[in-house]
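In the working numbering, the protein residues as written are 28 to 341.
For each residue, glycine too, the CB sits at the ideal point set by N, CA and C.
A short write-up of the structure that comes next.
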Ligand SMILES: NC(=O)c1ccc[n+]([C@@H]2O[C@H](COP(=O)([O-])OP(=O)(O)OC[C@H]3O[C@@H](n4cnc5c(N)ncnc54)[C@H](O)[C@@H]3O)[C@@H](O)[C@H]2O)c1
């Protein structure tokens with residue numbers, strides 16, 4: 028019997044056609060299925076490719092006794108209960124790095140949106156106004172840019188911004204030196220010294236709420252804070268206060284502690300906060316790369332017994 032593969036959360040159409048052409052696999056003909064459809068397919072599934080919509084939890088696994096591999100076409104595996112998977116002998120993989128460039132470009136996009144006030148200027152101009160003086164902005168050229176977390180995405184941001192001739196500082200416990208910038212002694216140095224501070228670290232117990240009123244209070248009055256990494260790293264109550272009191276120039280966030288943001292969130296009140304709905308990986312290019320890796324990995328697993336990019340329960 029051929030391994031039965033289901034792609035549940037949508038896929039690039041040409042890539043899906045390529046997957047279906049693989050004679051050694053039986054691929055469910057739809058690349059997006061409803062939760063009810065998925066339930067009916069689960070007893071037979073051997074390989075499942077998901078994005079962020081499908082939640083692989085104990086209840087799903089209970090209905091999928093033949094499941095061997097779940098691949099998250101993307102990076103974050105928060106929607107997969109890896110402990111429950113391990114208990115059932117189900118392997119989990121992701122596609123690391125597929126969306127790093129897109130996430131880096133989005134951090135830069137919201138940085139410029141904030142500094143040049145383009146989102147607010149666009150809304151005003153569309154409303155028929157011509158408010159030139161209301162939207163005076165600031166440059167990036169030769170600014171001090173501070174990176175908290177200097178892994179894959181942080182370093183791409185630094186490389187892409189190098190044309191703006193910034194003075195780059197980074198704080199990352201795992202990185203001692205880099206040709207891209209100077210290591211700061213601690214986060215306090217980054218927050219007190221830099222004009223633009225950009226977060227590129229994971230949300231783990233040690234980083235939850237790590238940016239709080241103490242660090243935010245060190246920022247210069249004309250400094251800005253960018254977060255396109257993970258919500259919850261910055262304490263949002265403290266962020267709200269510092270922005271409301273105009274203690275810094277502004278902030279641009281793609282990620283929030285509780286997503287999607289609730290309608291009653293007080294962050295909506297702020298006129299110096301740029302917000303986007305977790306769009307970092309949302310480009311055609313990133314989705315394609317993640318899909319391409321997922322197709323390769325599922326073939327390697329079922330046809331060559333080769334487990335790639337495994338994500339284990341911590
Ligand atoms: N907005 C989006 O849609 C989007 C897309 C992709 C990735 N991300 C997020 O971006 C972040 C960075 O991703 P990456 O691929 O560069 O990860 P990475 O693992 O390559 O780099 C993260 C770096 O953070 C460092 N770090 C860990 N704890 C730290 C601390 N307390 N202080 C300072 N640095 C610390 C690590 O040493 C590491 O070098 C992750 O949180 C990831 O989930 C967001």
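Residue i classed as buried or exposed, judged by whether at least 16 other C-beta atoms fall within 10 angstroms
{"i": "residue 104", "result": "buried"}
{"i": "residue 201", "result": "exposed"}
{"i": "residue 73", "result": "buried"}
{"i": "residue 126", "result": "buried"}
{"i": "residue 334", "result": "exposed"}
{"i": "residue 281", "result": "buried"}
{"i": "residue 30", "result": "buried"}
{"i": "residue 110", "result": "exposed"}
{"i": "residue 23", "result": "The displayed coordinates of the chain run from 28 to 341. Any statement about residue 23 would go beyond what the structure contains."}
{"i": "residue 279", "result": "buried"}
{"i": "residue 28", "result": "exposed"}
{"i": "residue 35", "result": "buried"}
{"i": "residue 39", "result": "buried"}
{"i": "residue 144", "result": "buried"}
{"i": "residue 231", "result": "exposed"}
{"i": "residue 154", "result": "exposed"}
{"i": "residue 308", "result": "buried"}
{"i": "residue 102", "result": "buried"}
Nearest-angstrom Cβ-Cβ length linking residue i and residue j, presumed shorter than 8 Å
{"i": "residue 138", "j": "residue 61", "result": "That pair is no contact at about 38 Å."}
{"i": "residue 193", "j": "residue 171", "result": "7 Å"}
{"i": "residue 313", "j": "residue 129", "result": "4 Å"}
{"i": "residue 258", "j": "residue 141", "result": "Contact doesn't hold; Cβ gap of about 17 Å is too wide."}
{"i": "residue 69", "j": "residue 51", "result": "Residue 69 to residue 51, Cβ: 22 Å. No contact."}
{"i": "residue 337", "j": "residue 119", "result": "7 Å"}
{"i": "residue 270", "j": "residue 242", "result": "No, residue 270 and residue 242 are not in contact; Cβ-Cβ is about 14 Å, not under 8 Å."}
Beta-ladder partner(s) of residue i, from DSSP
{"i": "residue 315", "result": "Paired residue(s): none; residue 315 is not in a bridge."}
{"i": "residue 173", "result": "196 and 224"}
{"i": "residue 210", "result": "197"}
{"i": "residue 10", "result": "Absent from the structure is residue 10, since the part of the chain shown begins at 28 and ends at 341."}
{"i": "residue 119", "result": "97"}
{"i": "residue 280", "result": "254 and 302"}
{"i": "residue 205", "result": "208"}
{"i": "residue 107", "result": "83"}
{"i": "residue 54", "result": "32"}
{"i": "residue 238", "result": "261"}
{"i": "residue 59", "result": "36"}
{"i": "residue 216", "result": "According to DSSP, residue 216 bridges with nothing at all."}
{"i": "residue 296", "result": "None; residue 296 has no bridge partner."}
{"i": "residue 337", "result": "120"}
Separation of residue j from residue i, as counted between CA atoms
{"i": "residue 80", "j": "residue 228", "result": "23 Å"}
{"i": "residue 203", "j": "residue 264", "result": "32 Å"}
{"i": "residue 176", "j": "residue 99", "result": "23 Å"}
{"i": "residue 283", "j": "residue 223", "result": "19 Å"}
{"i": "residue 178", "j": "residue 199", "result": "8 Å"}
{"i": "residue 318", "j": "residue 244", "result": "42 Å"}
{"i": "residue 93", "j": "residue 324", "result": "18 Å"}
{"i": "residue 131", "j": "residue 147", "result": "22 Å"}
{"i": "residue 67", "j": "residue 107", "result": "19 Å"}
{"i": "residue 240", "j": "residue 59", "result": "43 Å"}
{"i": "residue 133", "j": "residue 185", "result": "13 Å"}
{"i": "residue 209", "j": "residue 216", "result": "11 Å"}
{"i": "residue 292", "j": "residue 45", "result": "44 Å"}
{"i": "residue 113", "j": "residue 191", "result": "47 Å"}
{"i": "residue 295", "j": "residue 339", "result": "37 Å"}
{"i": "residue 305", "j": "residue 255", "result": "8 Å"}
{"i": "residue 268", "j": "residue 262", "result": "10 Å"}
{"i": "residue 83", "j": "residue 189", "result": "41 Å"}
{"i": "residue 64", "j": "residue 37", "result": "14 Å"}
{"i": "residue 162", "j": "residue 212", "result": "36 Å"}
{"i": "residue 180", "j": "residue 174", "result": "10 Å"}
{"i": "residue 246", "j": "residue 252", "result": "9 Å"}
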